[in-house]
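Residue numbers (full-length UniProt numbering): 10 to 438. From the three backbone atoms N, C-alpha and C, an ideal C-beta is built for every residue, glycine too. Remarks on the structure that follows.
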Ligand code: PLP
């Protein structure tokens, strides 16, 4: 009918007007010639500066640990120096006896444990995963791209399960682990998850620690990377998964990981594994073969810098004073410039390093491309999903830590301009 044609003509004109307005704003953004990298959750130089005093420590006259180990030499305790294990006991709330400090990268510990499980068999004596046919991991999504890359490199099948308000969708998780013995493990980022910032509820953690699994060698890979990385004055606490699973009769279920990468120096921190006695001796029996011992001078350097728990708390407070305004700037800019749009939402995390921005289906890749063309580098769309496939193409990870606050203001406005143009384009199609 005529009225219907008029209506669709009007709506087409309106869409064209919205598109032209968005394009104008985008051209102005491009003309600013920004050059910002928000692709990874790296601490800023200001944050690294907080640990600068640690580098003034010298081992010239101070190289003997509390247990009398000469830290310059080979050998010593292969679970790490007592004083370094103590630091992770503060971070994780776990007893030092169940903590190993090794290397500078928790990701490397995760990788090695998967390799040991593949090649050597599990702590409870089950055969190596390479001899067990298909192996699958539950992967809450969106998640951490490097977790997924490890699994991809080992040819392990990834089973995506959505993250909802209180953590992974537990009904789906429980069904998968109960029915399928090929499901051998699950990635968990229980606190201030990458990239959603979500913290698992106590109920979710209890369900994970006590659920029945078809695989006898089922493990939780509990990546507690952001245990003390609060952004608000509401420090979030979660139950200790090692306690929860032991109480439920599954003492060996969880491997817990943490590091000081985002506490002291990302390139030269300390990494730790916390787990049951049996898991720890299993890990030690394999890892002792690959190294004569950890870098004990770096452990001592950390212990001299983080002498007591309150020095750790103060350091995290300094990080927060730099990070929180950056997160607030992104969130308030998104409210101002994107708040009125349908199907656009973002997380407002209480800790961690990331914000997850959701845009309408099919608009994430285009938004990231537009941003890159305007000099704002974001994490590739799809990176937070197994095989880099976000089937709805709607998630974008925002990492506000590295640029300065004024750059973050520019970047957040720029991202909003790109989101608006990507949506306007898609509506004209
Ligand atoms: N786990 C998570 C969830 C991360 O976001 C990161 C780094 O961004 C890592 C682990 C890497 O930790 P590390 O530096 O200890 O290897």
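Does residue i come out as helix, strand or coil in the three-state DSSP assignment?
i	result
residue 86	coil
residue 260	coil
residue 240	coil
residue 245	coil
residue 372	coil
residue 30	helix
residue 367	strand
residue 398	coil
residue 193	strand
residue 415	helix
residue 273	coil
residue 430	helix
residue 144	coil
residue 268	strand
Looking at residue i and the ligand PLP, is the gap between the Cβ and the nearest heavy atom below 6 Å?
i	result
residue 2	Residue numbering for the chain in the displayed model covers 10 to 438; residue 2 lies beyond these limits and cannot be assessed.
residue 50	yes
residue 232	yes
residue 116	yes
residue 153	yes
residue 445	The question about residue 445 has no answer here: the residues shown for the chain are numbered 10 through 438.
residue 198	yes
residue 421	no
residue 393	no
residue 191	no
residue 296	no
residue 270	yes
residue 280	yes
If you drop the 5 nearest sequence neighbours on each side, which residues of the same chain put their C-beta closer than 6 Å to that of residue i?
i	result
residue 353	347 and 368
residue 360	201, 235, 238, 239 and 240
residue 366	355, 405 and 407
residue 399	391
residue 285	260 and 261
residue 336	240 and 409
residue 416	45
Residues in the same chain with beta-carbon distance under 8 Å from residue i, minus the five sequence neighbours each way, listed in chain order, please.
i	result
residue 73	79 and 80
residue 192	145, 146, 147, 168, 185, 186, 222, 223, 224 and 227
residue 374	390, 391 and 402
Using a Cβ-Cβ cut-off of 7 Å (strictly less than) and excluding sequence neighbours within five positions of residue i, which residues of its own chain qualify?
i	result
residue 62	314
residue 421	338, 339, 342 and 343
residue 83	301 and 302
What do you reckon, is the C-beta of residue i under 6 Å from a heavy atom of the ligand HEM?
i	result
residue 255	For the ligand HEM, the structure offers nothing, since it holds only the ligand PLP.
Q) Does the region 116–136 come close enough to the region 218–233 to have 3 or more Cβ pairs within less than 8 Å? A) yes
(Q) Does the region 201–219 come into contact with the region 247–255, if we say contact requires no fewer than three beta-carbon pairs (one atom in each stretch) closer than 8 Å? (A) As far as the Cβ criterion goes, the region 201–219 touches the region 247–255, which means the pair count is three or higher.
Q. Along the chain, which unbroken stretches of the beta strand (DSSP E) at least 3 residues long are found entirely within the region 303–339?
A. none
(Q) For the region 381–395 against the region 403–413, do three or more pairs of beta-carbon atoms, one drawn from each stretch, fall closer than 8 Å, so that the two count as touching? (A) Under the Cβ criterion (8 Å, minimum of three pairs), the region 381–395 counts as touching the region 403–413.
Q: May I have a chain-ordered list of the beta strand (DSSP E) segments no shorter than 3 residues that lie completely inside the region 57–135?
A: List check, beta strand (DSSP E) in window: 108–110.
Q) Considering only residues of the region 203–232, which uninterrupted alpha helix (DSSP H) runs meet the minimum length of 4 residues and lie entirely inside it, listed in chain order? A) 211–219
Q) Any contact of the region 305–316 with the region 92–108, i.e. 3+ C-beta pairs under 8 Å? A) yes
Q.
Is it the case that the region 270–280 contacts the region 152–171, given that we only count it when at least three CB pairs across the two stretches are under 8 Å?
A. no
Q) Touching or not, the region 95–115 and the region 275–284, by the rule of three or more beta carbon pairs under 8 Å? A) yes
(Q) Check whether the region 47–56 and the region 291–298 are in contact - that is, three or more C-beta pairs closer than 8 Å. (A) Fewer than three beta-carbon pairs drawn from the region 47–56 and the region 291–298 are found closer than 8 Å, and the two stretches are therefore not classed as touching.
Q) Whole alpha helix (DSSP H) runs in the region 143–177 with 4 or more residues, listed along the chain? A) 154–163
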